[in-house]
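Written out below as structure tokens is the structure these notes cover.
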Amino acid sequence: MLFKHIRQRSAGRPKVAHAVVVIFMEFFAWGLLTTPMLTVLHKTFPQHTFLMNGLIQGVKGFLSFMSAPLIGALSDVWGRKSFLLLTVFFTCAPIPLMRLSPWCFFALMSVSGLFAVTFSVIFAYVADITEEHERSTAYGLVSATFAASLVTSPAIGAFLSLRYGDSLVVLLATIIAVADILFVLLVVPESLPDKMRLSSWGLPISWEQADPFASLRKVGKDSTVLLICVTVFLSYLPEAGQYSSFFLYLGQVINFSSEAIAGFIAMVGILSIGAQTLLLSVLMKKIGNKSTVLLGLGFQLFQLAWYGFGSEPWMMWAAGAVAALSSITFPSVSALVSRCTDHDQQGAVQGMITGIRGLCNGLGPALFGFIFFLFNVELKELSPVEPNPVTPDTEEVRRAEITPYQVCVSVSFCSACVFCVSEACDSRPSLPVRRVYGSSGSAGGGVHSGSTRSGGEDV
């Protein structure tokens, strides 16, 4: 069978380093396209650019939400490598079309959401090869790799685009994407033990398991995991909207130059690496998993409010440092979910969390794009070197443009923090046992006290 052939393409012991390389190359390729993406987006949709960006991201995010539980559940029984190859391929497939056909690029980018759930498979891969006490550190390392991929790639992409044109940037991103696909195919070993995979082709899951809403209903039976899912949704919704328009916000409202934006991304990326490796490990040992999640959400609330109400460049740089500290939230949440999930259901539940983030990746940009549309905020041509001069008129425009940003960020994220803090005040014990969230048709069942693998894997 095809999946069996793919699993046999590489040998050796699976390591967290394999997951790190896959994530780094995928997001480095997309990071290179930060500047060309803005140019192509504006040229393709000169009217209502923010709104169209939100709709494109919205379709992609919704499809990601619909498919993530299915892909995660299938990886629980057919192996991680096959679906890792599938997700990386379709996530990177739109890249070469950016210069060939912008309309096809945005169309394929939208439908690629069906398979653009690499993180769910990666986190399940990591869960297969790490012990429970190692998992939060490993998740932090993977998330830090995402930040590391963005430290230099936007700046490199902007420099190459300015000197040699967008075509070279797209070509370089395509080469890196192809290298990532070949790395998964030829180097990455399978992480799921043979005894937990099907030996023959067949449909191992029911339609109920493939339905993302059915999965959410099953998770709702456990209040702790339900709370985590709702917290992820409420916290990531404004954050996803923020990221979709953030570079434009810094350039048009705060008057950052292209060089300042690239430097800002690099600073936040470097600090995020430290936060998700060193700081996260210390916090998990000192204050525990749930308290680390709450602390990360606190940092996130602070930086979002600061971005919304700040109006000076120095405030943005300071808020960026706080944003880096808030990056501990997702790996600590993933570790918390992993602790209360049975070993053979890691892919399904991590896929559920990634699917919720995918839904936010769609709803957030769509919400922000619609708000910008209501306030008649459009993408304007900016000089790559000289920021817009500040005059009384532009100050008035700045205040008008900040208003929708403040409302969406403050209301949405305050709801998330209030919801999570109310749970922190709950006196019931946290995560006493592992539970299985799959149906009777899933591979495995019962209550497990720990991972089935032996220790000693590299993290």
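0 is the number of the first residue of the sequence shown in our numbering; add one for each residue after it.
Every residue gets a Cβ at the ideal spot worked out from N, C-alpha and C, and that includes glycine.
Predicted, not measured: the structure shown is a model, and the values here were computed from it.
Contacts around residue i, its chain only, beta-carbon distance under 6 Å, and the 5 residues preceding and following it disregarded
i, result
"Leu89", "Residue identity differs from the one stated: residue 89 is Phe in this sequence, not Leu. The residues are Ser111, Phe114."
"Ala239", "Cys359, Asn360, Gly363"
"Tyr248", "none"
"Val58", "Ser109"
"Thr43", "Pro101"
Cβ neighbours of residue i in the same chain (closer than 7 Å, five flanking residues each side left out)
i, result
"Ser166", "Arg98"
"Leu270", "Ala320, Ala323"
"Ala92", "Leu107, Ser111"
With 16 other Cβ atoms within 10 Å as the buried cut-off, status of residue i
i, result
"Ser310", "exposed"
"Pro45", "exposed"
"Val292", "buried"
"Trp77", "buried"
"Cys424", "Low confidence applies here, because Cys424 scores a pLDDT of 45, under 50, leaving its location unreliable and the question unanswered by this model."
"Gly11", "exposed"
"Arg79", "buried"
"Tyr124", "buried"
"His17", "buried"
"Ser421", "Any reading at Ser421 must be qualified, since the residue scores a pLDDT of 44, below 50, and its modelled position is unreliable; no value is offered."
"Glu395", "Low confidence applies to Glu395: its pLDDT is 44, below 50, so where it sits in the model is not reliable, and the reading given next is rough at best. Exposed, because fewer than 16 other Cβ atoms sit within 10 Å of the Cβ of Glu395."
"Pro153", "buried"
"Val15", "buried"
Of the residues the options, the one placed nearest residue i, counting alpha carbons only
i, options, result
"Gly361", "Ala72, Ser244, Phe104, Arg338", "Ser244"
"Pro317", "Tyr306, Ile327, Leu278", "Note on identity: in this sequence residue 317 is Ala, with Pro being the wrong assignment. Minimum Cα distance to Ala317 is reached at Tyr306."
"Phe64", "Val267, Phe118, Glu189, Val76", "Phe118"
"Leu303", "Glu130, Tyr242, Leu159", "Tyr242"
"Phe158", "Ala261, Ile355, Ala147", "Ala261"
"Cys339", "Asn288, Leu294, Leu373", "Asn288"
"Ala126", "Pro13, Ile286, Leu107", "Pro13"
"Glu468", "Thr34, Ala334, Glu25, Phe374", "Outside the displayed range of the chain (0 to 458) lies residue 468, so it cannot be described from this structure."
"Thr151", "Met24, Ala72, Ala265", "Ala265"
"Ser100", "Phe367, Leu31, Leu40", "Leu40"
"Gly295", "Ala274, Phe27, Lys285", "Ala274"
Nonlocal neighbours in the same chain, by C-beta distance under 8 Å from residue i, ignoring five residues either side
i, result
"Phe255", "Leu249, Phe263, Pro312, Met315, Pro386"
"Thr276", "Thr136, Gly139, Leu140, Ala143"
"Leu278", "Leu324, Ile327"
DSSP state of residue i mapped onto helix, strand, coil
i, result
"Thr129", "coil"
"Ser243", "helix"
"Ala115", "coil"
"His47", "coil"
"Gly273", "helix"
"Lys42", "helix"
"Pro192", "coil"
"Glu238", "helix"
"Pro95", "coil"
"Gly71", "helix"
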